[in-house]
Amino acid sequence: MDKKINTSLFVACQQCDAIYDKPHLKQGQLAKCNRCGSTLIERKVDSIERSFNWSLAGLMLMLPAILLPIMGVTLAGQFHQASLFDCILVLIDRGFFMIACLVFLFAIAVPIVRLAGALYLSYCFKFNKLKPSLLNFFRAYHHLDHWAMLNVFMLGIVVSMYKLLDDTELTINLGLLAFILWLICSTMSAVALDQDYIWDKLERKFPRSCIHGNC
Ligand SMILES: [Zn+2]
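To convert, note that position 10 of the sequence shown is 10 in our numbering; the numbers rise steadily by one, no gaps.
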């Protein structure tokens, strides 16, 4: 590995559990495990800039993705076009409260919070507005990663529910297109964000004693 050693931090290989001193990397560099060859750390190029742009684009697509029709639905013999929001209302109307809540939570609320979180983090780094509270904010953002792809799953549930209930056809129109683009932006904003760089920078700027007001 081409590295400068920082003796205060270590990194573990996720494949073989080998422990190394954490290397100091520049943009575009990556460190690999000497034992198994898997990537230990990768310093992404223009991470903050790209995450800022993807999350901003994602938030701009949010309203079209939620409010424009994503599929055609036949209700009481009449053909309607339904947006994701309409689908949630129909699910509530049919008594599927739990599914409606899950769809709202994981297909709408979590992606919005993730995008807004990525935008806020990248904004603070882009314009150098770092503050100690960002450490807690980033910890919370990190937990949302576990729920990242559930919106695809939830869209699948909505479509299958309609298929079971009505004579429904999925039409490719603006709403579905916006939803797919929204999903891509949401994923890319998280992928572009170099979490290791953010931890490094925040920990260097705000050492533990500093967070507790001793600096
Ligand atoms: Zn390894």
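The beta carbon of each residue, even a glycine, is placed where N, CA and C say it ideally should be.
Note that the coordinates shown come from a computational prediction; the quantities given were computed from them, not determined experimentally.
Span of the beta strand (DSSP E), counted from its first residue to its last, around residue i
i: R131; result: Looking at the sequence shown, residue 131 is not Arg but Lys. Careful: K131 lies outside any beta strand (DSSP E) and carries neither H nor E.
i: K32; result: 30 to 32
i: L40; result: 39 to 42
i: I19; result: 19 to 23
Segment limits, alpha helix (DSSP H) that includes residue i
i: I48; result: 47 to 67
i: Q195; result: 195 to 205
i: L89; result: 84 to 93
i: I108; result: I108 -> no alpha helix (DSSP H), and no H or E assigned at all.
i: W147; result: First-last for W147: undefined, no H or E at that position.
i: C13; result: Unbroken run through C13: none, as it is neither H nor E.
i: F179; result: 174 to 192
CB-CB length for residue i against residue j, believed under 8 Å
i: I157; j: V103; result: 7 Å
i: L246; j: L202; result: Beyond the ends of the chain as shown, which are 1 and 215, falls residue 246; an answer cannot be given.
i: S47; j: D200; result: Incorrect: roughly 12 Å between the Cβ atoms, too far for contact.
i: I108; j: I66; result: 6 Å
i: L115; j: Y141; result: L115 to Y141, Cβ: 11 Å. No contact.
i: Q27; j: R50; result: That pair is no contact at about 12 Å.
i: M154; j: W54; result: Between W54 and M154 the Cβ distance is about 21 Å, and since that is not below 8 Å, they are no contact.
i: P23; j: A31; result: 5 Å
i: W182; j: L61; result: 4 Å
i: A178; j: L68; result: 6 Å
i: V191; j: L150; result: Actually they are not in contact, since the Cβ atoms of V191 and L150 sit about 16 Å apart, beyond 8 Å.
i: M71; j: A82; result: 6 Å
i: F10; j: D21; result: 6 Å
i: A100; j: I92; result: 5 Å
i: F127; j: I198; result: With 8 Å as the limit, F127 and I198 do not qualify as a contact, their Cβ atoms being about 15 Å apart.
i: I41; j: D196; result: 6 Å
i: L176; j: P64; result: About 10 Å separates the two Cβ atoms, so there is no contact after all.
Any C-beta of chain C under 8 Å from that of residue i
i: T39; result: The displayed structure is made up of one protein chain only, and chain C is not part of it.
Below 6 Å from a heavy atom of ligand 1 - residues by beta-carbon: C13, Q15, C16, A18, C33, R35, C36, S38
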